[in-house]
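Here's the structure we're looking at; comments come further down.
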Amino acid sequence: MINEINRASLFLLKLMRSRDRLSKEEATSLRDALVAVMLTRYHNHWFPLTPHRGSAYRCIRVNQNSDPVITAVGQITGLSGQKLRSWLPLEFTMWVDPNEVSYRIGENGSVMAVYVPDIEDMVDYIPDPIPELDPAFFDKCKLDQEAFLASIRSKIQFCSFAFDDPRIAQSSSA
719 MINEINRASL FLLKLMRSRD RLSKEEATSL RDALVAVMLT RYHNHWFPLT PHRGSAYRCI
779 RVNQNSDPVI TAVGQITGLS GQKLRSWLPL EFTMWVDPNE VSYRIGENGS VMAVYVPDIE
839 DMVDYIPDPI PELDPAFFDK CKLDQEAFLA SIRSKIQFCS FAFDDPRIAQ SSSA
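This is the structure in structure tokens:
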């Protein structure tokens with residue numbers, strides 16, 4: 719998550735600096751605020767094994783309205799949301815997802831990648847191999863499955879018996 723957030727914050731800062739001259743201190747403060755806000759906002763919405771899950775929540779969207787990330791950064795840095803939005807394109811979308819940071823300028827613009835990790839960066843995302851299981855585990859599962867199926871069969875038989883009973887059929891149709 720930290721790699722993706724670092725890349726996203728650096729890209730946002732680069733966009734903002736291209737529209738206005740920021741001092742080194744202002745740029746550092748802005749970058750620190752971006753990282754802090756994204757870390758806080760995304761930490762319970764980060765799913766490396768299903769990267770698109772939560773993608774809409776992690777999307778930074780700038781149009782007529784200000785995105786919650788941009789608003790929070792403005793509150794931390796003391797800059798107005800309007801000022802921060804003026805440093806970004808009028809229509810801007812950024813997705814900060816596990817293993818990818820991408821953006822789009824304009825409503826119909828092409829989606830461009832900011833960050834896609836190298837295979838060495840993805841070591842943390844590879845799940846551990848399935849551990850060896852004791853064969854007795856499978857026997858227990860089979861017994862549990864058989865008991866479950868037996869209980870379901872008895873319920874099915876009861877239900878079919880109930881539907882065959884004319885007293886029950888009449889009361890349910892009334």
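Just so you know, the working numbering puts 806 at position 88 of the sequence shown, and the rest follows in order with no gaps.
The beta carbon of each residue, even a glycine, is placed where N, CA and C say it ideally should be.
Given the structure is predicted, the values throughout are model-derived calculations rather than measurements.
query, result
"Whole runs of the beta strand (DSSP E) within the segment 755-783, excluding any shorter than 3 residues", "777-780"
"One or two residues paired with residue 729 in a DSSP bridge", "According to DSSP, which records beta bridges pairwise, residue 729 is partnered with nothing at all."
"Inter-residue Cα distance where the pair is residue 722 and residue 814", "7 Å"
"Nonlocal neighbours in the same chain, by C-beta distance under 8 Å from residue 769, ignoring five residues either side", "815, 816, 817 and 818"
"Counted within 10 angstroms of its Cβ, other Cβ atoms place residue 803 as buried (16 or more) or exposed", "buried"
"Span of the alpha helix (DSSP H), counted from its first residue to its last, around residue 900", "Nothing about residue 900 can be reported from this structure: the residues present for the chain run from 719 to 892 only."
"Own chain, CB closer than 8 Å to residue 730, minus 5 neighbours either side, in chain order", "752, 778, 806 and 812"
"Residue 832 and residue 735 closer than 8 Å at C-beta", "no"
"Own chain partners of residue 794 with C-beta closer than 6 Å, once the 5 adjacent residues on each side are dropped", "751"
"Coarse secondary structure for residue 719, derived from DSSP in three states", "coil"
"Close beta carbons around residue 695, own chain, < 8 Å, minus the five adjacent residues each side", "For the chain, the structure presents residues 719 to 892; residue 695 sits outside this window and is missing."
"Buried or exposed (CB count within 10 angstroms, at least 16 for buried), residue 889", "A caution first: residue 889 carries a pLDDT of 47, below 50, which makes its placement in the model unreliable, though a value can still be read off. Its Cβ having fewer than 16 others within 10 Å, residue 889 is exposed."
"Beta-carbon proximity check, residue 799 vs residue 788, cutoff 8 Å", "yes"
"Contiguous beta strand (DSSP E) assignments of at least 3 residues, all confined to the segment 793-821", "810-815"
"Neighbour-count burial assignment, residue 776, 16 or more Cβ in a 10 Å radius", "buried"
"Sheet register partners of residue 823 (DSSP bridge)", "810"
"Same chain, Cβ closer than 6 Å to residue 719, neighbours up to 5 away in sequence not counted", "764"
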